[in-house]
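Working notes, structure below.
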Amino acid sequence: MQNAKPGDRPLSDPLSQDMTTPGAVISARGLSLTFQTNDGPVHALKDVSLDIKKGEFVSFIGPSGCGKTTFLRCMADLEHPTGGSITVNGVSAQEARKARAYGYVFQAAGLYPWRTIGGNIRLPLEIMGYSKADQAERVARVLELVELAGFEKKFPWQLSGGMQQRASIARALAFDADILLMDEPFGALDEIVRDHLNEQLLALWARTGKTIAFVTHSIPEAVYLSTKIVVMSPRPGRISDVIDSPLPKERPLEIRDTPEFIEIAHRVRDGLRAGHGYDD
Amino acid sequence: MNGQPSLVLRIGLPLGFGIAVLVLWELFVVTFDIPRAILPAPSEIWAAIQRSTEILWVDWVQTVLKGALTGLVIGAVAGFAAALAIDRVDFLRRGLLPVANFVAALPIVGVAPIMVMWFGFDWQSKAAVVVVMVFFPILVNTLAGLAATDRMQRDLMRTYSANHTQTLGKLRLPAAMPFIFNGLKISATLALIGAIVAEYFGSPTKGMGFRISTEVGRLGIDMVWAEIAVSALTGTVLYGFVVLIERWVTFWHPSQRRSR
Chain Z
125 MQNAKPGDRP LSDPLSQDMT TPGAVISARG LSLTFQTNDG PVHALKDVSL DIKKGEFVSF
185 IGPSGCGKTT FLRCMADLEH PTGGSITVNG VSAQEARKAR AYGYVFQAAG LYPWRTIGGN
245 IRLPLEIMGY SKADQAERVA RVLELVELAG FEKKFPWQLS GGMQQRASIA RALAFDADIL
305 LMDEPFGALD EIVRDHLNEQ LLALWARTGK TIAFVTHSIP EAVYLSTKIV VMSPRPGRIS
365 DVIDSPLPKE RPLEIRDTPE FIEIAHRVRD GLRAGHGYDD
Chain C
189 MNGQPSLVLR IGLPLGFGIA VLVLWELFVV TFDIPRAILP APSEIWAAIQ RSTEILWVDW
249 VQTVLKGALT GLVIGAVAGF AAALAIDRVD FLRRGLLPVA NFVAALPIVG VAPIMVMWFG
309 FDWQSKAAVV VVMVFFPILV NTLAGLAATD RMQRDLMRTY SANHTQTLGK LRLPAAMPFI
369 FNGLKISATL ALIGAIVAEY FGSPTKGMGF RISTEVGRLG IDMVWAEIAV SALTGTVLYG
429 FVVLIERWVT FWHPSQRRSR
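Going down the list, the sequences are from chains Z and C.
Residues in the first sequence are numbered from 125 upward in steps of one, following the numbering used here.
Residues in the second sequence are numbered from 189 upward in steps of one, following the numbering used here.
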């Protein structure tokens with residue numbers, strides 16, 4: 125069925141429109157991506173189907189090689205699927221990227237060292253042609269949002285790792301994109317900083333109503349943040365479980381000690397183990 | 189905060205060493221009664237400099253200002269422009285880069301007489317030699333610099349749907365600057381050598397290379413050393429100037445960062 129798919133359904137086929145769920149911001153159908161390497165083909169993603177609705181906070185969790193980052197990069201049109209289809213805001217991932225539909229936060233802050241923090245946040249605004257006054261107003265606003273007001277004139281290398289990562293989030297928030305794609309943004313930070321940033325991220329999500337896709341390898345982080353947790357497993361990369369979180373939208377850090385939280389965490393862990401059982 | 193020696197130490201130490209070398213040199217020449225034709229004492233070289241200030245100035249203008257600097261500017265701009273073109277058009281990368289490689293391998297003693305034939309005896313031919321010499325280091329270093337961005341930095345530009353010019357201006361050129369300045373530092377030294385050596389193959393009756401070659405013939409070794417002293421000083425100042433601009437432009441690079 126996998127191999128037959130691309131031939132069966134050309135891109136222009138009206139059927140592909142019917143496949144997308146109405147109201148879904150991101151919709152993947154039978155998505156596959158195979159990398160050709162010297163050791164033969166690697167199935168980074170195989171037959172992945174998922175809908176992300178507007179305003180959802182969806183986490184992708186799984187061991188390395190499960191394709192969670194690849195999936196996110198497909199949404200961002202940074203990677204090209206070899207099978208299946210993906211739509212973002214109802215159009216192809218490429219059109220969505222060209223329409224600047226999303227902000228992307230990478231594993232590392234990736235701030236340009238020759239630009240100040242303010243200059244880095246201004247970068248997408250300059251490229252997208254916002255007016256000077258609008259740029260200044262937006263930079264001030266997102267700096268406030270990530271609690272970095274007053275650091276506008278500092279250079280990235282003068283700030284701590286956590287502050288740099290917050291600046292990179294501000295950079296992704298500065299322009300009008302309804303979707304935020306985050307690839308293990310807090311992976312390199314220590315536990316305390318990470319807790320704090322998680323709280324801030326939830327507050328920010330509540331305030332902005334953005335749709336967030338969030339890749340992580342931390343179970344507590346995924347459970348704490350998400351309305352939906354997608355558990356993935358490797359070789360080939362696929363979805364092994366999708367958990368809709370019953371936790372309320374309002375989440376103090378202490379929620380992590382409640383039975384509901386622990387129960388979801390258990391289910392995630394079971395899902396990870398099931399998909400990973402045949403080795404280590 | 190530590191490891192920044194005071195100004196006195198930074199300037200005083202090398203200066204002290206320099207003076208010590210000159211003093212030892214003077215003592216050595218006087219004590220062992222070295223013939224002037226072999227090695228003149230620093231005091232004699234200084235006397236020659238004072239005696240011939242006007243000639244040295246004329247030579248300096250001819251060789252440094254007209255020959256070396258003109259050639260350096262033209263060669264650097266040409267190398268930079270060629271790098272941008274090669275970077276943009278793959279056809280040029282395959283076609284032009286090997287040719288540039290080939291030109292870079294040409295020996296200066298072969299290039300200089302040809303340039304004299306093409307551009308005449310005056311400074312234009314010297315500038316042309318310098319252009320040929322500095323073109324390649326600038327080209328190669330700029331190309332390396334343009335390739336020096338990492339994948340995440342480029343992906344970021346892609347998520348913004350930035351076009352080629354925007355990516356070039358806001359990411360790749362700033363990232364290339366440390367490399368370009370490496371090329372400029374190499375070229376600054378090469379330009380001076382090129383302009384002086386090129387004068388050996390024909391020049392009007394002025395210029396540092398011309399002076400050195402004729403004074404050697406007349407056994408005016410103190411004058412030879414005076415020209416050498418001037419060219420060494422010029423080279424140092426030119427290099428230092430490039431380093432200063434580099435510090436200003438690439439302040440953000442880990443090798444340049446100081447406490448801010």
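We treat Cβ as the ideally placed atom computed from N, Cα and C, and that holds for glycine.
These numbers come from a predicted model, not from an experiment.
Helix, strand or coil at TYR348 of chain C according to DSSP, with G and I counted as helix: coil
Three-state class that DSSP yields for GLY204 of chain C in the structure shown: helix
Inter-residue CB distance, SER183 of chain Z and SER292 of chain Z (contact presumed, cutoff 8 angstroms): Contact doesn't hold; Cβ gap of about 19 angstroms is too wide.
Distance between beta carbons of VAL354 of chain Z and VAL366 of chain Z, contact taken as under 8 angstroms: Yes, they are in contact, since the Cβ atoms of VAL366 of chain Z and VAL354 of chain Z sit about 5 angstroms apart, within 8 angstroms.
Beta-ladder partner(s) of PHE338 of chain Z, from DSSP: Z:SER183 and Z:MET306
Inter-residue spacing [alpha-carbon to alpha-carbon] between ILE409 of chain C and VAL261 of chain C: 32 angstroms
Whether MET306 of chain Z touches ALA337 of chain Z by CB criterion (8 angstroms): yes
Assigned exposure category for PHE159 of chain Z - 16 Cβ within 10 Å defines buried: exposed
ALA217 of chain Z versus HIS341 of chain Z - alpha carbon distance: 25 angstroms
TYR254 of chain Z: contacting residues in chain C (beta-carbon distance under 8 angstroms): Result: empty, since nearest Cβ-Cβ is about 12 angstroms, beyond 8 angstroms.
SER188 of chain Z classed as buried or exposed, judged by whether at least 16 other C-beta atoms fall within 10 angstroms: exposed
Per-residue burial, LYS170 of chain Z [other beta carbons within 10 Å of its own, 16 or more giving buried]: buried
Distance between MET340 of chain C and ARG359 of chain Z (C-alpha atoms, nearest Å): Computed Cα separation, rounded: 25 angstroms.
Cutoff 8 angstroms: ASP132 of chain Z Cβ touching any chain C Cβ: For ASP132 of chain Z, the predicted structure reports a pLDDT of 42, less than 50, and the residue's modelled location is therefore unreliable. A value from the coordinates is still provided. Closer than 8 angstroms: no.
Neighbour flag for PRO248 of chain Z against chain C, beta carbons, 8 angstroms: yes
Candidates C:ALA420, C:LEU361 and C:PRO286, of which the one nearest PHE268 of chain C by Cα: C:LEU361
Own chain, CB closer than 6 angstroms to LEU372 of chain C, minus 5 neighbours either side, in chain order: VAL430
Contact check, GLY333 of chain Z vs LEU313 of chain Z, beta carbons under 8 angstroms: no
Proximity test, Cβ basis, 8 angstroms: PHE279 of chain Z and chain C: yes
Short Cβ contact (8 angstroms threshold) for THR330 of chain C with ALA293 of chain C: no
Outcome for GLN454 of chain C when other beta-carbon atoms lying within 10 angstroms are tallied against a minimum of 16: Outside the displayed span of chain C (189 to 448) sits residue 454 of chain C, for which this structure offers no information.
Within 8 angstroms, strictly: CB atoms of PHE195 of chain Z and VAL172 of chain Z: yes
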